Amino acid sequence: MSRLLTRTIGRIRRPGRALLSATIVGAALAIGAVPFGVPTAAADSSCLRTSASCANADLRGVIIDNRVDVDPEKDFTGADLSGAYIRTSMIRPNFTDATLRDASLEYISLWGANFTRADASGTYFTDSNLTNANLTDARFGRTRLVRTNLTGATLTGVHLSGAIVFYADFSRVKGMTREDFDAAGTIGEPEVYPPSGPGVTPGAGSSMFGSS
255 MSRLLTRTIG
265 RIRRPGRALL
275 SATIVGAALA
285 IGAVPFGVPT
295 AAADSSCLRT
305 SASCANADLR
315 GVIIDNRVDV
325 DPEKDFTGAD
335 LSGAYIRTSM
345 IRPNFTDATL
355 RDASLEYISL
365 WGANFTRADA
375 SGTYFTDSNL
385 TNANLTDARF
395 GRTRLVRTNL
405 TGATLTGVHL
415 SGAIVFYADF
425 SRVKGMTRED
435 FDAAGTIGEP
445 EVYPPSGPGV
455 TPGAGSSMFG
465 SS
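Going left to right, the sequence shown walks through residues 255 to 466 as our numbering numbers them.
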């Protein structure tokens, strides 16, 4: 946690706000902290290493490192990955109705992932690629979207209250406008905001330093 805080604060580009940002991020990181990668007795990760579906699987606290080659479009529908520690990239994984609370899905690509109605509250997505992901009606409150790439993602109905969004990229997202984002209750400033809604200056997204 201290590493993430140090890297985040070290990249803040507005010196006059550094102290305030440090206070906000430090407090946010303390909320809901859990140990990652501590499998429960009932957890069974065997489906990850085969062509079998992981739908409704108990994957609480499992460790999925980069030596595990997960099949494209792996089905995690309804699975419980709370506290999971995932360090392998996946193409179009399906997390519909899955639980990923307080998990770590950092430094990986989840291109085209489907998080429809998933509960990822408190989960870390630091430096991860969620390009073209579907977050429709997903619960992403308290998530760490630090330097996360959400380009082209569908964000209709997503809950982002308390999410940390420093340097995240919301370019060309669908289902969320800049005005929706401003009302979402996030912490920090993304690198690129969602596009403005009708009646506001249009564009592919607005950078924190000007229009992109």
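No residue lacks a Cβ here, since even glycine has one placed at the ideal position from N, Cα and C.
The structure presented is a predicted model; accordingly, all values stated were derived computationally and were not measured.
Assignment of residue 298 by DSSP, reduced to helix, strand and coil, places it in the coil class. Comparing alpha carbon positions, the residue from 346, 441, 339 closest to residue 421 is 441. The three-state secondary structure of residue 436, taken from DSSP, is helix.
With a 10 Å radius around the Cβ and a threshold of 16 neighbouring Cβ atoms, residue 300 comes out exposed. About 6 Å separates the beta carbon of residue 382 from that of residue 364, a gap short enough to meet the 8 Å contact definition. Around the beta carbon of residue 388, a 10 Å sphere encloses 16 or more other beta carbons of the protein chains shown; the residue is thus reported as buried.
By the neighbour-count criterion, in which a residue is buried when 16 or more other Cβ atoms sit within 10 angstroms of its Cβ, residue 321 is exposed.
Beta-bridge partners assigned by DSSP to residue 339: 317, 358.
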